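Asker:
In the working numbering, the protein residues as written are 54 to 257.
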């Protein structure tokens, strides 16, 4: 479910430059997206997600432009194989509905830069994180030099992620369509990268 379906990654190269990434076709999530703003909506979504075994995971935070400025995470994105769920925690003002997922060691949550994402969430509201996996820890063992989400998408999925909405206000009252698509794509990519990397690892 993408603008351009990624092809199977080749055995080489094991690194990619920004210029090479910019030559790749854009890929984006084009499937169902559920936008959740209240604790009640989040609880209902979590009940469905607790049936999954693997979720793509990412967060978005309002950017800081002044020294000493700080904002907590505003959005949590979770992707299944068929749908992406966007939890607007800045509006719900609680992680409580998500706690069963965040603390489950039977549901794998894969992402890039995931340790920092989780650290910021724990700062916001204390919980015991379980089941989180850093994708780059797996890809570096496969010989890939790049560690960022965009570069790994280029290497393993042979596609380019648009970063147009990356530095935007994720805590605004209403997210626009570009923000929603961007956020959903990052979570979907976080799932797909793990699936591809794991398959490559098992094939060795």
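Where is the CB? At the ideal position from N, CA and C, for every residue including glycine. As the structure is a prediction and not an experimental result, all values here were calculated from the model.
1) By Cβ distance, which residues of its chain are closer than 6 angstroms to residue 63, with the 5 residues on each side in sequence left out?
2) Is the Cβ of residue 246 closer than 8 angstroms to any Cβ of chain B?
3) So, residue 195 versus residue 253, is the Cβ gap smaller than 8 angstroms?
4) In terms of DSSP beta bridges, what is residue 185 paired with?
5) From the DSSP output, read off the bridge partner residues of residue 132.
6) Have a look at residue 183 and residue 167 and give me their C-alpha separation to the nearest angstrom.
7) Does the Cβ of residue 104 have 16 or more other Cβ atoms within 10 Å, making it buried, or fewer, making it exposed?
8) On the CB-based measure, 16 or more other CB atoms within 10 Å of its CB, does residue 109 come out buried or exposed?
9) Would you call residue 97 buried or exposed, if buried means 16 or more other Cβ atoms sit within 10 Å of its Cβ?
10) In terms of alpha-carbon separation, which member of 161, 146, 160 lies closest to residue 125?
11) Should residue 226 be labelled buried (16 or more other beta-carbon atoms within 10 Å of its own) or exposed?
12) Beta carbon of residue 88, beta carbon of residue 141: below 8 angstroms?
13) Buried or exposed, going by whether 16 or more other CB atoms sit within 10 Å of the CB of residue 199?
Answerer: In terms of the structure at hand:
1) For the purposes of this step, residue 63 is identified with residue 10 of the chain shown, where counting begins at 1. Annotation note: pLDDT 46 at residue 63 (below 50); position unreliable, no value reported.
2) Going by chain labels, chain B is absent from the structure shown, which holds only one protein chain.
3) One-based indexing of the chain shown puts residue 195 at position 142. One-based indexing of the chain shown puts residue 253 at position 200. Judged by their CB atoms, residue 195 and residue 253 are nearer to each other than the 8 angstroms cut-off.
4) By 1-based counting over the chain shown, the position of residue 185 is 132. Note: residue 185 is bridge-paired with 162 in the DSSP secondary-structure output.
5) Position 79 of the chain shown holds residue 132. Note: residue 132 sits in a beta bridge opposite 109, 137.
6) In the chain shown, the residue the question calls residue 183 occupies position 130. In the chain shown, the residue the question calls residue 167 occupies position 114. So the alpha carbons of these two residues sit roughly 12 angstroms apart.
7) Mapped onto the chain shown, residue 104 falls at position 51. Counting Cβ neighbours within 10 Å, residue 104 comes out exposed, since fewer than 16 surround it.
8) As a working mapping, residue 109 is identified with position 56 in the chain shown. Residue 109 is buried by the Cβ-count criterion.
9) As a working note, residue 97 is residue 44 in the chain shown. The residue in question, residue 97, is exposed, as its Cβ has fewer than 16 Cβ neighbours within 10 Å.
10) The sequence position of residue 125 within the chain shown is 72, counting from 1. Looking at the Cα atoms, 146 is the closest of the given residues.
11) Translated into the one-based positions of the chain shown, residue 226 becomes position 173. Residue 226 comes out exposed.
12) Working through the chain shown from its first residue, we reach residue 88 at position 35. Working through the chain shown from its first residue, we reach residue 141 at position 88. Result yes, Cβ atoms of residue 88 and residue 141 sit closer than 8 angstroms.
13) As a working note, residue 199 is residue 146 in the chain shown. Its Cβ being crowded by 16 or more others within 10 Å, residue 199 is buried.
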